[in-house]
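Everything in the sequence shown is counted per the working numbering, starting at 19 for the first residue and increasing by one.
Every residue, glycine too, gets a C-beta built ideally from N, C-alpha and C.
None of the values given here were measured: they were computed from a predicted structure.
The structure under discussion appears below in the form of structure tokens.
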Amino acid sequence: MNVVDFEGGRPLLDPTQYFTGETSSSGVLENRDGAPKEPVTTQTVGRWVDGTLLLEQELQIGGKKQHRSWRIRKLDANHFEATANDMVGTARGEARGNVFHWRFTLALSPGNPLSRVQMSQWMYLQPDGRTLLNHSTIRKFGIVVAQV
19 MNVVDFEGGR PLLDPTQYFT GETSSSGVLE NRDGAPKEPV TTQTVGRWVD
69 GTLLLEQELQ IGGKKQHRSW RIRKLDANHF EATANDMVGT ARGEARGNVF
119 HWRFTLALSP GNPLSRVQMS QWMYLQPDGR TLLNHSTIRK FGIVVAQV
């Protein structure tokens, strides 16, 4: 699947516009066999500072709470990049039509390179313009270990 396949989708999704202000999400973390493991919820607040969208995100996976601070920049009409406090390197993403896809590496235990996982996240803006469906695939050493 390629993000350009969604070029004509409507409504248009600009993730920096969508995540400005308050958003929340809920889902289920599934193991590699698709069996539900733990609930996942987020509460996010996004605000603009000097042309960069700053997102403060509270995540809860099962009973474990985490905080993630994102810095997202729009490079052009379709391309985005981001960094976060638990990310290795830079996320790179592309939006076309009503779809956004990006990839990034998370350090589950900062300082331990063996704890890194690769994320592939697809977001689909629904016809109401408010609901965003998310599908994330989590890989370690190239093997799918979980999905949300």
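Asked                                                                                                          : Found
Run of the beta strand (DSSP E) containing Pro128, from where it starts to where it stops                      : Careful: Pro128 lies outside any beta strand (DSSP E) and carries neither H nor E.
Identity of the residues DSSP links to Thr34 by a beta bridge                                                  : In the DSSP output, where bridge partners are listed per residue, Thr34 has none listed.
Range of the contiguous beta strand (DSSP E) that encloses Thr149                                              : Note, Thr149: premise wrong, no beta strand (DSSP E); not H, not E.
Met137 versus Asp146, Gly147, Val163, Val117, residue with shortest Cα-Cα distance                             : Val163
Those runs of the beta strand (DSSP E) which lie wholly inside the segment 41-114 and span at least 3 residues : 54-67, 70-79, 82-92, 97-102, 105-114
From Asn96, Arg110, Leu77, residue whose alpha carbon lies closest to that of Arg89                            : Arg110
Residues near Trp66 by beta carbon distance below 8 Å, same chain, minus five either side                      : Thr38, Leu72
Enclosing beta strand (DSSP E) for Val162 [first to last residue]                                              : 161-165
Given Phe122 as reference, the closest of Leu93, Phe98, Val46 once Cα atoms are compared                       : Phe98
Gly147 to Arg28 span [Cα, whole Å]                                                                             : 9 Å
Burial state of Gly80, where buried means 16 or more other Cβ atoms lie within 10 Å                            : exposed
The segment 148-160 touching the segment 124-140, judged by at least three CB pairs closer than 8 Å            : yes
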